[in-house]
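**Student:** Numbering (the working numbering), first residue to last: 19 to 296.
Idealized CB from N, CA, C, for every residue including glycine.
No experiment lies behind these values; they were computed from the predicted model shown.
My questions will all concern the structure given below.
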Ligand SMILES: C[S@@+](CC[C@H](N)C(=O)[O-])C[C@H]1O[C@@H](n2cnc3c(N)ncnc32)[C@H](O)[C@@H]1O
Ligand SMILES: [Zn+2]
């Protein structure tokens with residue numbers, strides 16, 4: 019049983035041939051790669067369609083080299099800790115499915131028989147995700163209008179993607195768990211020192227989130243050894259600094275050929291707090 023609902027009328031979607039169809043006959047084709055596009059143009063943020071193909075490719079190339087493997091391993095361990103047998107898991111803003119696929123594999127190896135979904139507003143990213151792992155149910159959709167039934171997810175994963183508390187609260191079942199990754203204070207500190215005259219440490223905001231009980235955090239911190247300019251620039255293009263760096267910084271970045279820099283993340287776990295508003 020799937021969890022998709024029609025983005026037009028909200029009725030349940032069922033597979034009919036090579037499409038998802040609702041009771042009101044709204045129909046959405048399943049692409050040859052296996053994903054479905056459930057993004058209505060009015061929900062695409064003023065013409066922005068998330069990461070473009072180039073951004074997706076450079077993130078993919080960087081992740082494939084295993085630089086964020088320790089984070090991925092810890093995330094999968096956490097997902098396993100909180101996912102019961104038969105869990106429905108949704109990765110909101112899944113990108114090209116690097117972590118989504120790892121979660122599928124981890125839960126599968128451990129016999130959890132989970133159903134894993136990945137949504138992203140970028141069609142290019144979703145296409146990669148569905149090609150990467152056929153066992154991810156992939157859809158093009160916005161995290162601000164998630165086309166899945168209320169209370170249908172046991173676990174939600176949000177990794178470096180936009181946050182929509184209302185939708186995450188809505189789609190999680192009572193007592194469902196949300197896992198989130200954030201950069202911690204020293205993430206890429208040495209790289210920032212090499213690029214900026216006055217580098218700043220990352221600010222970590224208070225953990226509390228409306229509608230959720232904070233369960234705990236795990237820090238994942240290690241050194242990364244980047245041995246060529248391409249990896250350094252791929253990494254930099256994945257960060258929010260990419261768009262905010264002036265000409266001087268860009269020049270210093272272009273000249274860098276190797277660097278050792280910290281990866282510093284926090285994995286946060288939350289439980290949907292049903293007592294809110296009662
Ligand atoms: C920094 S990437 C992270 C991707 C993936 N979670 C990862 O960690 O590899 C942010 C992702 O959020 C997606 N995104 C941006 N706005 C979105 C929205 N409104 N709804 C869904 N996805 C969105 C982008 O297309 C991009 O794939
Ligand atoms: Zn419909």
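Identify which residue in 201, 228, 230 has its Cα closest to the Cα of residue 219.
**Tutor:** Closest by alpha carbon: 201.
**Student:** Please return the same chain residues whose Cβ sits closer than 7 Å to the Cβ of residue 105, not counting the five positions on each side in sequence.
**Tutor:** Once the five neighbours on either side are set aside, the close Cβ partners of residue 105 are 130, 132, 172, 173.
**Student:** By DSSP, does residue 295 sit in helix, in strand, or in coil?
**Tutor:** For residue 295, the predicted structure reports a pLDDT of 49, less than 50, and the residue's modelled location is therefore unreliable. A value from the coordinates is still provided. If DSSP states are grouped into helix, strand and coil, residue 295 belongs with coil.
**Student:** Where in the region 115–162 do unbroken runs of the alpha helix (DSSP H), each at least 4 residues long, occur, reported from the N-terminal end onward?
**Tutor:** List check, alpha helix (DSSP H) in window: 116–127, 141–150.
**Student:** Assuming residue 71 is part of the alpha helix (DSSP H), what are its boundary residues?
**Tutor:** That run of the alpha helix (DSSP H) goes 71–82.
**Student:** Which stretch, first to last residue, makes up the alpha helix (DSSP H) that contains residue 189?
**Tutor:** Taken as a continuous stretch (DSSP letters only), the alpha helix (DSSP H) holding residue 189 covers 183–189.
**Student:** Is any non-hydrogen atom of ligand 2 found closer than 8 Å to the C-beta of residue 29, if you look at the structure I gave you?
**Tutor:** The answer is yes for residue 29.
**Student:** Just to confirm, are residue 285 and residue 198 a CB contact at a threshold of 9 Å?
**Tutor:** Result yes, Cβ atoms of residue 285 and residue 198 sit closer than 9 Å.
**Student:** Buried or exposed, going by whether 16 or more other CB atoms sit within 10 Å of the CB of residue 241?
**Tutor:** Exposed is the call here.
**Student:** For ligand 1, is there any heavy atom lying closer than 8 Å to the beta carbon of residue 177?
**Tutor:** Yes - ligand 1 has a heavy atom lying nearer than 8 Å to the Cβ of residue 177.
**Student:** Just curious, the alpha helix (DSSP H) that residue 299 is in, first and last residue?
**Tutor:** Here the chain covers residues 19 to 296 and nothing more, so residue 299 does not appear.
**Student:** Would you mind reading off the limits of the alpha helix (DSSP H) that contains residue 212?
**Tutor:** Segment 207–213, the alpha helix (DSSP H) holding residue 212.
**Student:** Alpha carbon to alpha carbon, what distance is there between residue 159 and residue 263?
**Tutor:** Roughly 30 Å separates the two Cα atoms.
**Student:** The alpha helix (DSSP H) with residue 252 in it runs from where to where?
**Tutor:** Per DSSP, residue 252 belongs to the alpha helix (DSSP H) from 247–255.
**Student:** Considering only the alpha carbon of each residue, which of 53, 51, 92, 22 lies closest to residue 39?
**Tutor:** Nearest C-alpha to residue 39: 22.
**Student:** Which word fits residue 68, buried or exposed, when buried means at least 16 other C-beta atoms lie within 10 angstroms of its C-beta?
**Tutor:** So residue 68 counts as buried.
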